[in-house]
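Asks:
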Amino acid sequence: MQLFVGVVLYDITVGDIMADELSELEARLFEWIRQSDFETVPWSTANAAKAFKVKKDEIYEAVAALTRKVPDRIQVFYKAGAVHIAAE
Numbered sequence: 379m380q381l382f383v384g385v386v387l388y389d390i391t392v393g394d395i396m397a398d399e400l401s402e403l404e405a406r407l408f409e410w411i412r413q414s415d416f417e418t419v420p421w422s423t424a425n426a427a428k429a430f431k432v433k434k435d436e437i438y439e440a441v442a443a444l445t446r447k448v449p450d451r452i453q454v455f456y457k458a459g460a461v462h463i464a465a466e
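The opening position of the sequence shown corresponds to residue 379 in the numbering used here, with each subsequent residue numbered one higher.
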């Protein structure tokens with residue numbers, strides 16, 4: 379699957395799962411998380427929803443789907459009073 383994020387085109391393969399098995403939002407969100415620093419900077423669902431122009435519930439559902447579909451490529455953890463998300 380080819381995906382435009384900003385002005386950059388990505389061919390996305392996430393582990394053993396082809397991006398075709400991810401929804402468009404899931405694929406875009408995964409790439410955004412992968413390129414961001416939410417490992418050290420606390421995660422904000424509200425900011426993600428604003429960035430993707432969707433409701434917060436859609437972000438929660440997409441993050442949950444990513445943890446099921448690509449569990450070896452994403453980590454959600456709680457540290458210092460905040461949720462953090464890392465993807466590779």
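We put the beta carbon where it would ideally sit given N, CA and C, even for glycine. As the structure is a computational prediction, the values presented were derived from the model and not from experiment.
Give the secondary structure of F455 by DSSP, where H, G and I count as helix, E and B as strand, and everything else as coil.
Replies: Of the three classes helix, strand and coil, the one that applies to F455 here is strand, per DSSP.
Asks: By the DSSP assignment, the beta strand (DSSP E) with V461 in it spans what residues?
Replies: Here the beta strand (DSSP E) through V461 covers A460 to A465.
Asks: Is the beta carbon of L403 closer than 8 Å to that of K447?
Replies: For K447 and L403, no; Cβs fall outside 8 Å.
Asks: Does the Cβ of A460 have 16 or more other Cβ atoms within 10 Å, making it buried, or fewer, making it exposed?
Replies: The residue is exposed, with fewer than 16 neighbouring Cβ atoms inside 10 Å.
Asks: Can you give me the C-alpha to C-alpha distance between A405 and H462, rounded to a whole angstrom?
Replies: If you take the alpha carbons of A405 and H462, they lie about 18 Å apart.
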